[in-house]
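The number in the working numbering is simply the position in the sequence shown, starting from 1, with 95 added. Even for Gly, the Cβ is constructed at its ideal location relative to N, Cα and C. See structure below.
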Amino acid sequence: MLIPLSRKMRCRSRTICLSLAFVTFFLYLLLELDSLPVYQRPRDPPLSPRTLTDLAHGDHGPVGVHGLAEPPTQVPAAVDGAQESGLSKLEALFDHPLYNGPGAPIPEEDWLMKVKPKIKSSEKSSNMWVSASQEVYEDVQWNSSIDSQPPWLRFQLGISRWQLYAHRDPVMEPLARQLATHRIVSAVQKHGGTQLKLVMSFPNYGKALFKPMKQERDEETNYNLYYFSDFERHNAEVAAFHLDRVLGYRRVPPVVGRLVDVVTEIKDITTDRKLAKTFFTSPVGSVCFYGQCSYYCSTEHAVCGRPRLLEASLAAMLPDAGLQARRSWRSPWRRSYSRSKLAKWQSDPDYCSRVKKSSPFDRGTRLVDFMDMVILDFLMGNMDRHHFETFEKFGNNTFLLHLDNGRGFGRHSKDEPSILTPLTQCCRIRRSTWLRLQLLTLPGFRLSEVMRASLSLDPLHHAAPLLTEQHLAALDRRLGAVLQAVSRCRADEVIRDEVTRDEVSRDEVTRDKVIYDDIPHWKDTGTPAG
Numbered sequence: 096m097l098i099p100l101s102r103k104m105r106c107r108s109r110t111i112c113l114s115l116a117f118v119t120f121f122l123y124l125l126l127e128l129d130s131l132p133v134y135q136r137p138r139d140p141p142l143s144p145r146t147l148t149d150l151a152h153g154d155h156g157p158v159g160v161h162g163l164a165e166p167p168t169q170v171p172a173a174v175d176g177a178q179e180s181g182l183s184k185l186e187a188l189f190d191h192p193l194y195n196g197p198g199a200p201i202p203e204e205d206w207l208m209k210v211k212p213k214i215k216s217s218e219k220s221s222n223m224w225v226s227a228s229q230e231v232y233e234d235v236q237w238n239s240s241i242d243s244q245p246p247w248l249r250f251q252l253g254i255s256r257w258q259l260y261a262h263r264d265p266v267m268e269p270l271a272r273q274l275a276t277h278r279i280v281s282a283v284q285k286h287g288g289t290q291l292k293l294v295m296s297f298p299n300y301g302k303a304l305f306k307p308m309k310q311e312r313d314e315e316t317n318y319n320l321y322y323f324s325d326f327e328r329h330n331a332e333v334a335a336f337h338l339d340r341v342l343g344y345r346r347v348p349p350v351v352g353r354l355v356d357v358v359t360e361i362k363d364i365t366t367d368r369k370l371a372k373t374f375f376t377s378p379v380g381s382v383c384f385y386g387q388c389s390y391y392c393s394t395e396h397a398v399c400g401r402p403r404l405l406e407a408s409l410a411a412m413l414p415d416a417g418l419q420a421r422r423s424w425r426s427p428w429r430r431s432y433s434r435s436k437l438a439k440w441q442s443d444p445d446y447c448s449r450v451k452k453s454s455p456f457d458r459g460t461r462l463v464d465f466m467d468m469v470i471l472d473f474l475m476g477n478m479d480r481h482h483f484e485t486f487e488k489f490g491n492n493t494f495l496l497h498l499d500n501g502r503g504f505g506r507h508s509k510d511e512p513s514i515l516t517p518l519t520q521c522c523r524i525r526r527s528t529w530l531r532l533q534l535l536t537l538p539g540f541r542l543s544e545v546m547r548a549s550l551s552l553d554p555l556h557h558a559a560p561l562l563t564e565q566h567l568a569a570l571d572r573r574l575g576a577v578l579q580a581v582s583r584c585r586a587d588e589v590i591r592d593e594v595t596r597d598e599v600s601r602d603e604v605t606r607d608k609v610i611y612d613d614i615p616h617w618k619d620t621g622t623p624a625g
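Here it is, written out as structure tokens:
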């Protein structure tokens, strides 16, 4: 008997449907079995600093359209433990006797500024300056009470003959908070210098020096680039402040990293017409500007948000020159800033003997103060120290301001021994500096570890570490080179008569043979013997 055609097709369709159902059910079982052990799988490894940087700046996917990514909410336990250990080492370092010597009261004449007595209303001048816009500035009344003074003013009033701020100064925390979070009410370009920088103003009349991000943290300076042609780095300014504090100098003004909205915190509030003319929108929608300066102020070197948020360093401003003048000194070891010509110190091995006989290096603490700055520059790899400044009020007996550190931390893979030339030619170093450098080589106070911990307190650390691990390792390596240079000076039996400032009594300058003689031996505990 012949089966009708329609019946045959119905049977065939039924077979196909059953087959498809069986295959679907089989695939479903496989997916279910595969999903059961998901909770047992190891978690994804933590993102690398480079990946965090890319995510934070919106370099991948749609993140860049909406701005910076949120910082990770969970940190692996190992990272938390390492950070906690580093912070405990940092606290132990700052609690060490080498950072907490007994200090004599600071004489009245050793304060940079002091609060004037209250002026009677009848004595006030009718020409006194009044803010043209009271809407953006706070209506404050300051007096001699510390509680009524904003952090920036307390910082300036705390500057003395020998340091910018005291060890464990309580004003550092509120000052850092102001720099990182307070509303910006004005932004104008600061003229002078070679690269773009702005002056930011806050509602409490405080000001900060703004330097924008120009390079990624892990981007090394090109080896074929001359030191005077390099970009300035915002993270180098922040790291220089932390390194200066770790070394016990306290000669770099406080610096904090901050995310700034290019539109609402610069473009919309600036009164600088020349700066305002340089804003534009890039082809990918980022807001950019370039300002006016000697180098790198053009559309080809514009500073751009991502799309609007921009990383930057904000440094607390020193007192205005009209209140406290500063004197600029030309560095004896200044580089030639020529592509072919060498400086005198590069060809004369006895150059230091002439420097020590010339003013102001022939008296006071100027020579060892300069060596402190040389060590700071060598650790950072900063070759751009052509001048330095002091407060004119204190004459020659005062510290050197460690300003303008943006060209530090450019290379981690190569050290620059020529930066140490003043130390190797003069064989002079302050004893307290020498002791602290030795302390920072011990396991409990290793320089790279305390620097990592210190930098982790900066707001920009949430996007990515301010210094890469290669730069931190370079700090330890360069610290060893400094100690070796001093050891060679001792082995050569150089003249050891040294001018130094007694760390116990800061208002006295004494002459003592303390640098290369009687250097204490170190125990495992990290404290000087004797």
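Residue i CB to nearest heavy atom of the ligand GTP below 7 Å
{"i": "Ile514", "result": "Among the components modelled here there is no ligand, and therefore nothing to report on the ligand GTP."}
Residue closest to residue i, alpha-carbon to alpha-carbon, out of the options
{"i": "Val231", "options": "Leu270, Ser296, Arg256 and Leu252", "result": "Ser296"}
{"i": "Gly417", "options": "Pro307, Lys488, Ser255 and Ala334", "result": "Lys488"}
{"i": "Ser393", "options": "Phe375, Arg403 and Arg401", "result": "Phe375"}
{"i": "Asn195", "options": "Ala261, Asn492, Lys209 and Trp206", "result": "Ala261"}
{"i": "Thr536", "options": "Ser180, Lys184 and Ala177", "result": "Lys184"}
{"i": "Cys584", "options": "Glu564, Trp529 and Met478", "result": "Trp529"}
{"i": "Phe494", "options": "Trp424, Val294 and Ala586", "result": "Trp424"}
{"i": "Val379", "options": "Gly386, Gly400, His396 and Lys369", "result": "Gly400"}
{"i": "Asp464", "options": "Asp479, Arg434, Ser426 and Lys302", "result": "Ser426"}
{"i": "Leu474", "options": "Leu567, Pro538 and Ser435", "result": "Leu567"}
{"i": "Gln284", "options": "Trp247, His191 and Phe384", "result": "Phe384"}
{"i": "Ala420", "options": "Leu496, Asp587 and Gly198", "result": "Leu496"}
{"i": "Trp257", "options": "Ala199, Ser551 and Asn299", "result": "Ala199"}
{"i": "Glu327", "options": "Leu498, Ile364 and Pro444", "result": "Leu498"}
{"i": "Glu204", "options": "Leu561, Val545 and Asn492", "result": "Asn492"}
{"i": "Pro37", "options": "Asp415, Pro455 and Ser255", "result": "Beyond the ends of the chain as shown, which are 96 and 625, falls residue 37; an answer cannot be given."}
{"i": "Asp339", "options": "Met546, Asp553, Asp571 and Ser582", "result": "Met546"}
{"i": "Asp587", "options": "Gln533, Cys521, Leu570 and Glu564", "result": "Cys521"}
Residue i - partner residues in DSSP beta bridges
{"i": "Val545", "result": "Beta-bridge pairing links Val545 to no other residue."}
{"i": "Gly352", "result": "Ser408"}
{"i": "Cys521", "result": "According to DSSP, which records beta bridges pairwise, Cys521 is partnered with nothing at all."}
{"i": "Ser423", "result": "Glu484"}
{"i": "Phe305", "result": "Leu293 and Leu409"}
{"i": "Phe375", "result": "Cys383"}
{"i": "Val398", "result": "Phe384"}
{"i": "Ser255", "result": "Trp206"}
{"i": "Leu496", "result": "Glu484"}
Burial state of residue i (16 or more Cβ within 10 Å)
{"i": "Tyr432", "result": "exposed"}
{"i": "Leu437", "result": "exposed"}
{"i": "Arg523", "result": "buried"}
{"i": "Pro638", "result": "No answer is possible for residue 638: the residues shown for the chain start at 96 and end at 625."}
{"i": "Gly490", "result": "exposed"}
{"i": "Ser281", "result": "buried"}
{"i": "Lys209", "result": "exposed"}
{"i": "Tyr391", "result": "buried"}
{"i": "Gly287", "result": "exposed"}
{"i": "Lys292", "result": "buried"}
{"i": "Asn330", "result": "buried"}
{"i": "Ile366", "result": "First, the amino acid is wrong: residue 366 is Thr here, not Ile. Exposed."}
{"i": "Pro140", "result": "Because Pro140 carries a pLDDT of 33, less than 50, the predicted location of this residue cannot be relied on, and no value is offered for it."}
{"i": "Thr276", "result": "exposed"}
{"i": "Glu360", "result": "buried"}
{"i": "Asn477", "result": "buried"}
{"i": "Arg525", "result": "buried"}
{"i": "Arg531", "result": "buried"}
{"i": "Ala559", "result": "buried"}
Endpoints, beta strand (DSSP E) assigned at residue i
{"i": "Cys447", "result": "Not the beta strand (DSSP E): Cys447 falls in the alpha helix (DSSP H), residues Tyr446 to Val450."}
{"i": "Lys283", "result": "According to the sequence shown, residue 283 is Val rather than Lys. Its beta strand (DSSP E) spans residues Ser281 to Gln284."}
Opening and closing residue of the alpha helix (DSSP H) in which residue i lies
{"i": "Leu534", "result": "Arg526 to Leu534"}
{"i": "Ser582", "result": "Glu564 to Ala586"}
{"i": "Phe384", "result": "From DSSP, Phe384 is part of no alpha helix (DSSP H) but of the beta strand (DSSP E) over Val382 to Phe384."}
{"i": "Val341", "result": "His329 to Val341"}
{"i": "Val637", "result": "Because the chain is modelled from 96 through 625, residue 637 falls outside the range shown and cannot be assessed."}
{"i": "Gln251", "result": "Pro246 to Leu252"}
{"i": "Gln273", "result": "Met267 to Thr276"}
{"i": "Ala371", "result": "Arg368 to Ala371"}
Residue-chain proximity (residue i, chain B), Cβ-Cβ < 8 Å
{"i": "Ala261", "result": "Of the chains in the structure shown, none is chain B; there is only one protein chain."}
Practice task
Count the CB pairs spanning the region 245-254 and the region 472-485 that are closer than 8 Å, and state whether there are at least three.
Solution key: Contact between the region 245-254 and the region 472-485 is absent, because fewer than three Cβ pairs lie under 8 Å.
Handout entry: Cβ pair count under 8 Å reaching 3, the region 389-409 against the region 305-320
Key = yes
Handout entry: Contact between the region 574-586 and the region 358-373 (3+ Cβ pairs under 8 Å)
Key = no
Practice task
Could you tell me whether the region 509-523 touches the region 454-474, where touching means 3 or more Cβ pairs closer than 8 Å?
Solution key: yes
Practice task
Examine the Cβ distances between the region 325-342 and the region 489-504 and report whether three or more of them are shorter than 8 Å.
Solution key: yes
Practice task
Specify whether the region 341-358 and the region 265-273 touch according to this definition: at least 3 beta carbon pairs, one from each stretch, less than 8 Å apart.
Solution key: yes
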